[in-house]
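Visitor: Line by line, the protein sequences give chains A and B. Every number in this note's numbering is 414 more than the matching position in the first sequence, counting from 1. Every number in this note's numbering is 983 more than the matching position in the second sequence, counting from 1. Glycine residues also receive a C-beta, built at the ideal position from the N, C-alpha and C atoms. One structure, as structure tokens, below. Some questions next.
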Amino acid sequence: MTIARTGKEAPDFEATAYIQGKGFQNVKLSDYKGQWVVLCFYPGDFTFV
Amino acid sequence: MAAVAARYDQFKALGVEVLSVSTDSRFVHKIWQEEELSKMVEGGVPFPMVSDGGGRIGTVYGVYDEAAGVDIRGRFIIDPDFVIRATEVLTPEVGRNPDELIRQIKAFQHNRATGEVMPSGWLPGEKTLKPGPALVGKVWKEWKP
């Protein structure tokens, strides 16, 4: 398993997502190659900060 | 999440796509959007809300807490060559500063466009440094902390 490291290639993934106006879609990180991406993890929906 | 959504026009202007990721299912993402986020931010969260069931993605990115079963607050700036340029990881109690995120993106984009490097605390428009043999031992002439 490739682990994410700053300065190294981002590990790719594919997962299901909710996209407003489009509904449920699969998202693959490498589909965004060629543009800047911010990948933002957070502990959970309905949390407070 | 809402704070990033509220500044989404700034991310768009910089050509940045945002992907948010939590261990919640896509169904929960939808209800959170409809019931809460859309009331916090006009139009709601406009970017894909990825479901990381079981923390599979978070594990690879070093942010999955197995004991709590959640992804903690990790954010990664990925450049167009698919290289991770910056990482920030916080435990859940404290939220992030999206303005600092935008500052870092602008600095990396400036570096990519010009080859110049940005000293500590750099803001767009401020002095940059041009790395090279002439600068060795002479940074003090160009920049003070």
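One question on the structure: do I1055/B and V1046/B come within less than 9 Å of each other, judged by their Cβ atoms?
Guide: yes
Visitor: Assuming S1008/B and F1030/B are in contact, meaning their beta carbons sit under 8 Å apart, how far apart are those beta carbons, in whole angstroms?
Guide: Not a contact, Cβ separation roughly 18 Å.
Visitor: Which residues, in chain order, does the stretch 987–1013 of chain B contribute to contact with chain A at a C-beta distance below 9 Å?
Guide: If the cut-off is 9 Å between Cβ atoms, the stretch 987–1013 of chain B has V987, F994, L997, G998, V999, E1000, V1001, L1002, S1003, V1004, S1005, T1006, D1007, S1008, R1009, F1010, V1011, H1012, K1013 near chain A.
Visitor: Thinking just about the alpha-carbon of each residue, which of G1038/B, W1015/B, G1026/B is nearest to the one in T1006/B?
Guide: G1038/B
Visitor: Just checking: is the beta-carbon of P1114/B within a distance shorter than 9 Å of some beta-carbon in chain A?
Guide: no
Visitor: Decide if A418/A is buried, meaning its Cβ has at least 16 other Cβ atoms within 10 Å, or exposed.
Guide: buried
Visitor: Would you kindly report the start and end of the unbroken alpha helix (DSSP H) that includes T1074/B?
Guide: No alpha helix (DSSP H) holds T1074/B; DSSP gives it neither H nor E.
Visitor: So that I know if they touch, is there some Cβ in chain A lying closer than 9 Å to that of P1107/B?
Guide: no
Visitor: What three-state label does DSSP hand L1165/B in the structure shown?
Guide: The question about residue 1165/B has no answer here: the residues shown for chain B are numbered 984 through 1128.
Visitor: I'd like to know whether the C-beta atoms of F438/A and Y446/A end up nearer to each other than 9 Å.
Guide: no
Visitor: Identify the continuous beta strand (DSSP E) that holds L453/A and give its terminal residues.
Guide: 450–455
Visitor: Output, in chain order, the set of chain B residues within a Cβ distance shorter than 8 Å of K422/A.
Guide: V1066, I1067
Visitor: Applying a beta-carbon distance threshold of less than 7 Å, which residues of chain A neighbour S1034/B?
Guide: A429, T430, A431
Visitor: Can you find at least 3 beta carbon pairs, one from the stretch 1096–1105 of chain B and one from the stretch 1065–1074 of chain B, that sit closer than 8 Å?
Guide: With a cut-off of 8 Å, the stretch 1065–1074 of chain B and the stretch 1096–1105 of chain B do not count as touching, because too few Cβ pairs lie within range.
Visitor: Give the C-beta separation of E428/A and V1066/B to the nearest angstrom, bearing in mind that I take them to be a contact with Cβ-Cβ under 8 Å.
Guide: The pair is not a contact, with the Cβ atoms about 19 Å apart (cut-off 8 Å).
Visitor: Can you look up Y1044/B in the DSSP assignment and give me helix, strand or coil?
Guide: coil
Visitor: Could one say the Cβ of E1025/B lies closer than 9 Å to chain A's Cβ atoms, at least one of them?
Guide: no
Visitor: What number of angstroms, rounded off, separates the C-alpha of W1105/B from the C-alpha of Q1092/B?
Guide: 13 Å
Visitor: Determine the direct distance from the alpha carbon of T416/A to that of E1025/B, and round the result to whole angstroms.
Guide: 38 Å
Visitor: To the nearest angstrom, how far is it from the Cα of D992/B to the Cα of V999/B?
Guide: 10 Å
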